[in-house]
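Here this note's numbering runs 8 ahead of the position in the sequence shown, where the first position is 1.
Don't be surprised by glycine CBs; every beta carbon is placed ideally from N, CA and C.
For reference, the structure is listed below as structure tokens.
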Amino acid sequence: MTKAVRLLALLGMMFGFFLHAPAAHAQASRTWISGVGDDANPCSRTAPCKTFAGAISKTASGGEIDILDPGGFGAVTITKPITFDGGGGQVGSILVAGTNGINVNSGTGTVILRNLRINGFSSGIDGIAFNSGTSLLIENCEIFGFTQNGIHVATSTGTNHLTIQNTTVYNNTQGGIQINPGGGTADVTVFETKANSNGFGLGADSTSGGTISVIVDHSTFEENIGSGIQATGGNATILFGNSDLSHNSTGVNITTPAQVFSFQNNILVQNSTANVGGTGTLQTKTPQ
């Protein structure tokens, strides 16, 4: 075989390999979106996408979507562990009408929502709906203007961990933070968070099934139309400490047999109907 023939054979083999090779644009560990981006782009730093929904399919499980500049980036459903980061200047905005802002329908792994401003425009349903997943972290977000809840935990199986920190939830018609799983265990931690001017601040309702455990620390529940904190159902337990529950209709509302514990250093004054209401008793938990 001559050198020319061997070269042609080799080129043919290489052509066949590239013909059957996977697409060059595999999912990236980090993608980017911009208010002037295009979802037809590869979502790279220099060719960003325009929406979260456009970028999520191009981002690998466990990866991160970052926002380059201010913009409204649309509603999205999350089905895998991923991070959405709006940037330190909180430029990331989701503006929705008649639907949820973010649906978390994930499995094993952690979903992180950080530095986002989620606006329901007085017609959105839930700001963040946590429907499934082992772990969700909401950090440094602002969620407002929804007809139902700012944050809604509606999980149904397994153990589902939710951490909310340094977040403000306000002007939501039903509730700021609503926890009512259909089954399983909802394990919730709320830290350095404000839930103000909602129908209620934080609610734990286990009457639909499941077990709820909530720890609240260094948080504020003020000027809510109903209760600052409320608990219903035999498998709902809330412990709060270092927190301010004032200027609501009722500071804490407990429906027996739910349990609510005041840990230490709480402000529970100047609620218009009662500081503590309902059929249950606010219990005191002392430091060990």
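Look at I246 and V224 and say whether their C-beta atoms are less than 8 Å apart.
yes
With distances taken Cα to Cα, identify the nearest neighbour of N256 among I102, L210, N232.
Looking from the CA of N256, the closest CA among I102, L210, N232 belongs to N232.
For a test of the three-state rule: what should DSSP assign to G62, helix, strand or coil?
It is helical.
In this structure, how does DSSP classify L76 when only helix, strand and coil are distinguished?
coil
Taking G190 as the reference, which of Q173, Q182, L170, V161 has the closest Cα?
V161
Please give me, in chain order, every unbroken run of the beta strand (DSSP E) with length at least 3 that falls completely inside the region 175 to 235.
176 to 178, 183 to 187, 193 to 199, 202 to 204, 210 to 213, 219 to 225, 228 to 230
Kindly list the residues whose CB is nearer than 6 Å to the CB of Q238, restricted to its own chain and excluding five residues on each side of it in sequence; keep chain order.
F208, G211, N261
Only counting the same chain, and skipping five residues up and downstream in sequence, which positions put a Cβ closer than 7 Å to that of V84?
F60, A61, I64, I110
Measuring only the C-alpha atoms, how far is F129 from A68?
31 Å
For P265 and N168, what's the separation of their Cα atoms in angstroms?
23 Å
Rounded C-alpha distance that separates T176 from S140:
Approximately 23 Å between the Cα atoms of the pair.
Helix, strand or coil: how does DSSP classify G259 here?
strand
Can you find at least 3 beta carbon pairs, one from the region 116 to 128 and one from the region 86 to 93, that sit closer than 8 Å?
Touching, yes.
If the criterion is Cβ atoms closer than 8 Å, does the pair T215 and I172 meet it?
no
Less than 8 Å between C-beta atoms, sequence neighbours within five positions excluded: which residues of the same chain meet that for N113?
T85, I86, T87, N139, S140, G141
8 Å CB neighbourhood of G106 in its chain, flanking five on each side removed:
S131, G132, I133
I need the boundaries of the beta strand (DSSP E) containing N127, first residue and last residue.
124 to 132
Considering just the uninterrupted stretch of the beta strand (DSSP E) at D93, what are its terminal residues?
Boundaries of the beta strand (DSSP E) around D93: 91 to 93.
Helix, strand or coil for Q156? Go by DSSP, reduced to three states.
In the structure shown, the three-state DSSP call for Q156 is coil.
In chain order, what residues of the same chain have a beta carbon less than 8 Å from the beta carbon of I275, not counting five sequence neighbours either side?
S251, D252, L253, S254
Distance check for V104 and V222, CA to CA, integer angstroms please.
29 Å
Just verifying my parser: in three-state terms, what is the DSSP assignment at A34?
coil
Would you call V44 buried or exposed, if buried means 16 or more other Cβ atoms sit within 10 Å of its Cβ?
exposed
Can you look up A29 in the DSSP assignment and give me helix, strand or coil?
Below a pLDDT of 50, predicted positions are generally treated as unreliable, and A29, at 38, falls in that range; no measurement from the model is reported.
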